[in-house]
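Working notes, beginning with the structure itself.
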Amino acid sequence: METSLNNRISTTQVFFVIVQTQIGISILTLPRDVYGAVEWEGWISIAIAGAVIQLVLLIYVPLVFRFKHHTFFTLTKITLGTPISVFINLGYFFYFISVSILILILYYRTIAAWLLPVTPKWMIMLLIISAAVYLVREDIHIIGRFYALVSGLLVIVIAVQFTGYTSANPLYLLPIGHVGIKDYIEGAQSSLQAMLGFEVLLFIYPFIQGAKKKVIQSVSLAIWFTVSLYIFTTVSVFLFFSPDEIELVPHPVLYMLKAYSSPFIDRLDLIFISIWIVSVTTSLIMYLYLVSLFTQVILPIKKRKTGVLFGGTLIFAISMFFESNESIDAFGEFVSKISYSFIFYIPAVLLIVALIRKKPERGKE
Numbered sequence: 002m003e004t005s006l007n008n009r010i011s012t013t014q015v016f017f018v019i020v021q022t023q024i025g026i027s028i029l030t031l032p033r034d035v036y037g038a039v040e041w042e043g044w045i046s047i048a049i050a051g052a053v054i055q056l057v058l059l060i061y062v063p064l065v066f067r068f069k070h071h072t073f074f075t076l077t078k079i080t081l082g083t084p085i086s087v088f089i090n091l092g093y094f095f096y097f098i099s100v101s102i103l104i105l106i107l108y109y110r111t112i113a114a115w116l117l118p119v120t121p122k123w124m125i126m127l128l129i130i131s132a133a134v135y136l137v138r139e140d141i142h143i144i145g146r147f148y149a150l151v152s153g154l155l156v157i158v159i160a161v162q163f164t165g166y167t168s169a170n171p172l173y174l175l176p177i178g179h180v181g182i183k184d185y186i187e188g189a190q191s192s193l194q195a196m197l198g199f200e201v202l203l204f205i206y207p208f209i210q211g212a213k214k215k216v217i218q219s220v221s222l223a224i225w226f227t228v229s230l231y232i233f234t235t236v237s238v239f240l241f242f243s244p245d246e247i248e249l250v251p252h253p254v255l256y257m258l259k260a261y262s263s264p265f266i267d268r269l270d271l272i273f274i275s276i277w278i279v280s281v282t283t284s285l286i287m288y289l290y291l292v293s294l295f296t297q298v299i300l301p302i303k304k305r306k307t308g309v310l311f312g313g314t315l316i317f318a319i320s321m322f323f324e325s326n327e328s329i330d331a332f333g334e335f336v337s338k339i340s341y342s343f344i345f346y347i348p349a350v351l352l353i354v355a356l357i358r359k360k361p362e363r364g365k366e
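Here the sequence shown is numbered in our numbering, starting from 2 and rising by one per residue.
Printed below as a string of structure tokens:
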């Protein structure tokens with residue numbers, strides 16, 4: 002697998018890769034999701050989730066730095082042996098396929114509801130999967146540059162939300178501390194699912210050019226940028242909608258923007274969706290990129306570009322089978338449950354085994 006200097010990303014690009022992978026579908030629904038657990042104190046749960054992710058880095062950083070000259074695939078082989086590593090790599094392959102499918106079907110459901118209600122499902126899905134395949138065929142340093150370029154659109158995502166403050170009511174955020182610790186934890190679990198994407202560090206670390214300290218700083222800044230954006234969005238929604246209203250709107254951010262009107266601009270919700278589509282695409286791009294890496298390991302596919310076409314076709318084909326909202330929600334719940342194993346438990350086991358067995362051996366990196 003190519004990790005030459007011409008196929009590496011800087012620590013600055015790592016920041017944009019993590020941010021763009023994390024921010025996607027969930028920004029539209031997170032305020033309502035956390036409200037269901039902790040009501041108007043949902044922003045506290047989001048901050049707790051950010052702190053948990055920062056702690057998870059205490060597992061990721063020692064693991065990837067201990068195997069800094071190895072990809073994740075060889076890392077599992079060195080640590081656990083070939084038979085188990087094949088099983089784990091196959092599991093990650095199906096996990097990334099599942100996440101990509103979920104992103105695609107949730108994207109379609111939102112676009113069909115707000116923009117293109119009569120456009121065929123296959124056409125909407127084919128447009129975004131084609132854009133993802135086109136870019137993923139390039140090397141990681143090209144993807145990193147693209148992420149840095151489109152990250153400027155996040156300024157607009159933040160700016161348009163200030164329109165909701167024209168009708169803000171600070172009393173909607175009070176009182177603080179009216180729920181228990183169990184509720185905060187439940188809200189943090191919902192928030193963690195919205196922040197998935199930081200785990201790409203495990204797989205792109207060999208492609209990063211920079212010192213360990215700078216990598217840690219870039220990833221930490223990316224995580225807390227996403228946390229801050231989610232908190233800002235959630236607070237904006239909570240200030241705009243009353244407690245009774247927020248339970249009735251499936252996409253509170255879009256409804257908040259739709260309510261704004263001026264002589265110069267109208268339907269801010271459509272402007273927001275246009276930018277949101279880019280964020281969804283960047284999330285799909287990274288997971289499709291990871292799928293293409295795994296195809297070279299678990300399938301008889303030598304060229305990564307061939308793996309991109311295979312992965313994109315597979316994701317598109319499976320996504321077409323999800324029709325009802327019930328099946329989509331059930332699949333989303335399934336992905337949410339299995340994500341903990343791939344994001345937390347398996348990396349923790351790999352680190353523990355590596356420390357016990359003292360892998361990799363000194364001088365054999």
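Just so you know, even glycine gets a beta-carbon here, dropped at the ideal spot from N, CA and C.
Below 8 Å, enough C-beta pairs join the region 333-342 and the region 97-108 to call them touching: three or more. When secondary structure is reduced to three states using DSSP, residue 262 falls in the strand class.
In the three-state reduction of the DSSP assignment, residue 10 falls in the strand class. Contact between residue 344 and residue 231 does not hold, since the beta-carbon distance rounds to 17 Å and is not under 8 Å.
When beta bridges are read from the DSSP output, residue 267 appears opposite 262. A Cβ-Cβ distance of about 5 Å is found for the pair residue 308 and residue 302, placing them in contact under the 8 Å criterion.
In this structure, residue 323 places its C-beta atom within 8 Å of the C-beta atom of residue 106. Going by DSSP, residue 233 is part of the alpha helix (DSSP H) stretching over 213-241. In the structure shown, residue 209 falls within a strand segment according to DSSP collapsed to helix, strand and coil.
In the three-state scheme derived from DSSP, where H, G and I count as helix and E and B as strand, residue 167 is classed as helix. By the C-beta density criterion, residue 290 is buried, having at least 16 other C-beta atoms within 10 angstroms.
DSSP, read as helix, strand or coil, puts residue 313 in helix. Out of 34, 10, 11, 21, the CA that lies nearest to the CA of residue 248 is found in 34.
Taking residue 185 as the centre and dropping the five residues before and after it, the same chain places the C-beta of 39, 45, 46, 49 closer than 7 Å to its C-beta, in chain order. No residue range can be given for residue 41, since it is assigned to no alpha helix (DSSP H) and is classified by DSSP as neither H nor E. Judged by their CB atoms, residue 145 and residue 17 are nearer to each other than the 8 Å cut-off. In terms of Cα proximity to residue 98, the closest of 325, 296, 306, 328 is 296. DSSP places residue 339 in the uninterrupted alpha helix (DSSP H) bounded by 326-341. Sequence-distant Cβ neighbours of residue 348 in its own chain, meaning closer than 7 Å and more than five residues away, are 60, 61, 64, 203. Put simply, of 29, 41, 24, 11 the residue whose alpha carbon is nearest the alpha carbon of residue 171 is 41. Using a Cβ-Cβ distance cut-off of 8 Å, the region 78-97 and the region 272-281 are not in contact, since fewer than three pairs of beta carbons, one from each stretch, lie closer than that value. Looking from the CA of residue 23, the closest CA among 281, 328, 127, 353 belongs to 281.
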